[in-house]
Amino acid sequence: MITVQSLTKTYAGFTAVDDVSFTAEPGRVTGFLGPNGAGKSTTLRMLVGLTTPTSGSATIDGHRYADLPNPGRDVGVLLDASAQHAGRTGREILRVAAATMGLPATSVDEMLERVSLTPTEANRRVRHYSLGMRQRLGIATALIGDPRVLILDEPANGLDPAGIRWMRDLLRDYANRGGTVLLSSHLLHEIEVIADDLVVIGRGRIVAHGTKEELLEAAGTVVRADSVIRLADALHAAGIHATAYADRALRVDAEPGHVGRVAHTADIPLTELRAADGAGLEEMFLELTADTQREDLSRTTRDAREGAVA
Amino acid sequence: MTAVATPPARTPDTVTDTSTAEVGVRRHARPGIPMTRLVGVELRKMFDTRSGFWLLASIGITALLATGAVILFAPDASLTYDSFAAAVGFPMTVILPMVAILSVTSEWSQRSGLTTFTLVPHRGRVFAAKGVAVVLVGVVSMAVAFGVGALGNVLGTTITGTPLVWDMSLTHVLQIVLGNVLGMSLGFALGLLVRSSPGAMVGYLVYAFVLPTLAGVLAAFQQWFADAQPWVDFNFAQGQLFNEIESAEQWAQLAVTTTGWVLLPLTLGLWLARRSEVK
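From first to last, the protein sequence lines are chains C and V. By the working numbering, the letter at position 149 of the first sequence is numbered 149, and the numbering carries on one by one without gaps. By the working numbering, the letter at position 262 of the second sequence is numbered 572, and the numbering carries on one by one without gaps.
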């Protein structure tokens, strides 16, 4: 189990991580979600002692990471698959990791097979590896010590669809066997399919935390109508908050039944009425990314509104 | 016919480990990582890249080349062990510090430190292991170099028919080893201070080739510097080791300059490198 308590990291007046607390439970995959630059990597780095926190603490099964006698046997870590000596072969990188942990050399071949790196690939120097191959090697380095806890930063980066599927199955299986998995991603959909619990971070602060079901439940309703402006007015009159969601659709913070009754009373025919299923999470996530993303989000929202008016 | 248990099919690109065993079942004892293992790992990391391998191989290669050059070009009267040792030893004074520099800086320049410092979250231990590994490589390299020089001396004098001369004392040999270990320590300290391979290497080359010229010019024109030089110029004091130190004053000069040029940067470098983030 990973326990993070009030972790804070300040760099010369800039707060990268601001009072972050959460837990990652054994037997579950915890997704650490946030846009680029939200503080995910800094938090993970503090977890494994690479970055010293300004305040707060992080423990793994009650121990500080630095107090683990042989950390590789307890915690598998993959922070950046590209951070390897380009002049070493994949097999050698794994051998060095195994030697540090005091594992026999035979474990290296087993692990290479497990991450589907062929002997030919393993004997090539990492400089010639694709990002996907580096990710597999990084996963191998994390798994080779048979740890109980996995901490992975953006492990799906660079993997092809089959590789992402492989990674998802591997992590699912690992959690099913009692392991604790904490993985970060900046892609909501990527993490939605694998995570049991979600921790959403934005601008250094936790903005949402809970099981995936809880967060999706809280997402409200999507409602679509030809006369969407009238519908919006009717909902507003009923005291229900609605935002433009897509073409002639609104996302509403209310139960579908309630929305249906309001529409019925106002005599507005609906073309669609359903639970939002993550739409609210996506919206929150888009708001978070608005500042850091190059895309002009306000324009996208405006387009949606204009689409609704048309 | 009895039922035969077939192993589960292993399909590629899915999880091949179909066991349902609990992950990371705790072994009873959880021993830490002994220092000897860390030194072994660091030694391995010095050899297992193409650049690292050839850097170390170049020690043997340059020793052979230097020996051959002495046999071919040195006048017969100079075919003594001292000539061979000097010729073989010179490339070492450049290559060995590079070995020391790269052992530290590659963790940052190649970013492998991300894994190294995660597997061993006590950087002081990692740097200590690196230091031991570097000194071991240095001492073994020197032994190889002196051996190649000795073979050259035997071979050269046999070819020319000149008498075999062993004009080098054991204390001088040990002093040359010490001089090289100090050069490696300076490289190691530079690596910790700069934490960038090109930066630290340029820094060392400036120290080894630019500073002596500047110091020489300054000493030629400024009497005060000529007087002070042995006490402030590490290059100068280190050079005295290669020519064999005899007086206590020279040892004192070496101690003073080593403190300023090696121990101080080493302490500061260790302090910085233990805190520096591997990005």
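Each residue gets a CB set at the ideal place from its N, CA and C atoms; glycine is no exception.
Residue i to residue j, Cα distance in whole Å?
i: Glu-154/C; j: Leu-424/V; result: 15 Å
i: Leu-382/V; j: Asn-490/V; result: 26 Å
i: Thr-262/V; j: Val-398/V; result: Residue 262/V lies beyond the residue range present for chain V, which begins at 311 and ends at 589; the question has no answer from this structure.
i: Thr-523/V; j: Val-504/V; result: 24 Å
i: Val-115/C; j: Leu-137/C; result: 7 Å
i: Gly-441/V; j: Asp-173/C; result: 42 Å
i: Gly-34/C; j: Ser-55/C; result: 21 Å
i: Arg-95/C; j: Val-566/V; result: 43 Å
i: Ser-419/V; j: Val-588/V; result: 9 Å
i: Leu-502/V; j: Ala-439/V; result: 14 Å
i: Pro-119/C; j: Ala-99/C; result: 19 Å
i: Val-447/V; j: His-128/C; result: 29 Å
i: Ile-268/C; j: Arg-230/C; result: 8 Å
i: Ser-41/C; j: Arg-248/C; result: 38 Å
i: Leu-480/V; j: Val-487/V; result: 11 Å
i: Leu-528/V; j: Ala-518/V; result: 16 Å
i: Thr-468/V; j: Ala-387/V; result: 13 Å
i: Ile-405/V; j: Leu-353/V; result: 16 Å
i: Val-48/C; j: Ala-86/C; result: 23 Å
i: Val-228/C; j: Leu-250/C; result: 8 Å
i: His-338/V; j: Asp-146/C; result: Interpretation of His-338/V is limited by its pLDDT of 48, a score under 50 that renders its predicted location unreliable; the figure taken from the coordinates is listed afterwards. So the alpha carbons of these two residues sit roughly 14 Å apart.
i: Asp-537/V; j: Ala-562/V; result: 15 Å
i: Arg-177/C; j: Thr-30/C; result: 15 Å
i: Gln-84/C; j: Phe-400/V; result: 33 Å
To which residues of the same chain is residue i closer than 6 Å at the C-beta, ignoring the five residues directly before and after it?
i: Phe-285/C; result: Leu-188
Here's the rule: buried if 16 or more other CB atoms are within 10 angstroms of the residue's CB, otherwise exposed. What is residue i?
i: Tyr-11/C; result: exposed
i: Asn-123/C; result: exposed
i: Ala-24/C; result: buried
i: Leu-484/V; result: exposed
i: Ile-194/C; result: buried
i: Arg-340/V; result: exposed
i: Phe-531/V; result: exposed
i: Thr-43/C; result: buried
i: Pro-385/V; result: exposed
i: Ser-57/C; result: exposed
i: Asp-197/C; result: buried
i: Pro-407/V; result: buried
Which residues in the same chain have their Cβ closer than 8 Å to the Cβ of residue i, if we skip the five residues on either side of it in sequence?
i: Gly-570/V; result: Val-542 and Phe-544
i: Arg-45/C; result: Thr-51 and Leu-79
i: Leu-580/V; result: Gly-434, Phe-437 and Leu-502
i: Val-548/V; result: Correcting the residue type first, residue 548/V is Gln in the shown sequence and not Val. The residues are Gly-489, Leu-492, Gly-493, Leu-564 and Thr-567.
i: Ala-162/C; result: none
i: Leu-68/C; result: Ile-60, Asp-74 and Val-75
Where do the ends of the beta strand (DSSP E) carrying residue i lie?
i: Glu-272/C; result: 270 to 275
i: Asp-19/C; result: 14 to 24
i: Phe-552/V; result: No beta strand (DSSP E) contains Phe-552/V, which is instead part of the alpha helix (DSSP H) from 544 to 552.
i: Gly-202/C; result: 197 to 202
i: Thr-243/C; result: 242 to 246
i: Val-75/C; result: 75 to 78
Just verifying my parser: in three-state terms, what is the DSSP assignment at residue i?
i: Thr-180/C; result: strand
i: Leu-503/V; result: helix
i: Gln-5/C; result: strand
i: Thr-415/V; result: helix
i: His-311/C; result: The requested residue 311/C does not occur in the structure, where chain C is confined to residues 1 to 310.
i: Arg-64/C; result: coil
i: Ala-443/V; result: helix
i: Val-222/C; result: strand
i: Leu-33/C; result: strand
i: Val-259/C; result: helix
i: Thr-56/C; result: The sequence given here has Gly at residue 56/C, not Thr. Strand, per DSSP.
i: Arg-125/C; result: strand
i: Gly-145/C; result: coil
i: Thr-118/C; result: coil
i: Thr-89/C; result: strand
i: Leu-576/V; result: helix
i: Val-512/V; result: helix
i: Thr-359/V; result: coil
i: Thr-10/C; result: strand
Start and end of the alpha helix (DSSP H) containing residue i?
i: Leu-150/C; result: No alpha helix (DSSP H) holds Leu-150/C; the beta strand (DSSP E) holding it covers 149 to 153.
i: Ala-237/C; result: 228 to 237
i: Val-252/C; result: It is not in any alpha helix (DSSP H) - Val-252/C instead sits in the beta strand (DSSP E) that spans 249 to 252.
i: Val-430/V; result: Careful: Val-430/V lies outside any alpha helix (DSSP H) and carries neither H nor E.
i: Glu-190/C; result: 188 to 192
i: Leu-44/C; result: 40 to 47
i: Leu-521/V; result: 521 to 531
Considering only residues of the same chain and omitting the five flanking positions on each side of residue i, which have a CB-CB separation below 7 Å?
i: Phe-394/V; result: Thr-377, Val-380, Gly-459, Gly-462 and Asn-463
i: Asp-323/V; result: No answer about Asp-323/V holds up, because its pLDDT of 42 lies below 50 and its placement is not dependable.
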